[in-house]
Amino acid sequence: MSKRKISIEDIARKAGVSHSTVSRALRDSPLISPKVREEIKKIALEMNYVPNAIAQSLLSSRTNTIGVVVTSIADPFYAEVVEGIEQVARSAGLSVLLSASHRDFDQEITAIDNFQVLDTLVLVI
Numbered sequence: 000m001s002k003r004k005i006s007i008e009d010i011a012r013k014a015g016v017s018h019s020t021v022s023r024a025l026r027d028s029p030l031i032s033p034k035v036r037e038e039i040k041k042i043a044l045e046m047n048y049v050p051n052a053i054a055q056s057l058l059s060s061r062t063n064t065i066g067v068v069v070t071s072i073a074d075p076f077y078a079e080v081v082e083g084i085e086q087v088a089r090s091a092g093l094s095v096l097l098s099a100s101h102r103d104f105d106q107e108i109t110a111i112d113n114f115q116v117l118d119t120l121v122l123v124i
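Its first residue numbered 0, the sequence shown is counted upward by one per residue in numbering that gives the first Met the number 0.
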């Protein structure tokens, strides 16, 4: 049985404010008083609220994702390179999506196109 994710609407109901107020408070907007911001953040913490990464990326027009296309994941060289990319990306707060083209040019182009649709920085190795 899956547990329903808490939304900003849930927090707004509990706090007695609009969802816009909750959204602004969670983003530290100066339009919301410090007292209200702290109360909303406290409620969000108590309710185990986790921001929706997709919604945030739509709002900011950034996915914070790097797409990596390699010819093979079986090659130890590429595995080390990808591991290094992941370590650096993680420390910068970025996610990594990996695609292996298996030396198929059309598959490589498709992967690049898919990453670009997601507005993702693409690295081809």
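Yeah, the Cβ is synthetic: ideal placement off N, Cα and C, and Gly gets one too. Predicted, not measured: the structure shown is a model, and the values here were computed from it.
**Message:** Which residue marks the beginning of the beta strand (DSSP E) containing Leu25, and which one marks its end?
**Reply:** Here Leu25 belongs to no beta strand (DSSP E); instead the alpha helix (DSSP H) covers 18-25.
**Request:** Measure the CB-CB distance between Thr64 and Leu93 and report whether it falls below 8 Å.
**Result:** Taking a C-beta distance under 8 Å as the contact criterion, Thr64 and Leu93 qualify as a contact pair.
**Message:** Once the 5 residues before and after Val49 are set aside, which same chain residues still bring their CB inside 8 Å of it?
**Reply:** So the qualifying residues of the chain are Lys4, Ile5.
**With 16 other Cβ atoms within 10 Å as the buried cut-off, status of Ser1** = Residue placement at Ser1 cannot be trusted, given a pLDDT of 47 that sits under 50; what the coordinates show is reported in the next sentence. Exposed, by the Cβ-count rule.
**Request:** Could you tell me whether the Cβ atoms of Ile111 and Val121 are closer together than 8 Å?
**Result:** A contact, by the Cβ cut-off of 8 Å.
**Message:** For Leu44, tell me which candidate among Glu79, Gly83, Val21 has the shortest Cα-Cα distance.
**Reply:** Residue Val21 is the option with its Cα nearest to Leu44.
**Request:** Answer yes or no: do Ala99 and Val69 have a C-beta to C-beta separation smaller than 8 Å?
**Result:** Yes.
**Message:** I'd like to confirm the pairing. Which residues does DSSP put opposite Ala99 in its beta bridges?
**Reply:** Beta-bridge pairing links Ala99 to Val69.
**Asked** Is the beta carbon of Ile39 less than 8 Å from the beta carbon of Leu30?
**Response** No, the pair does not count as a contact, with Cβ atoms beyond the cut-off.
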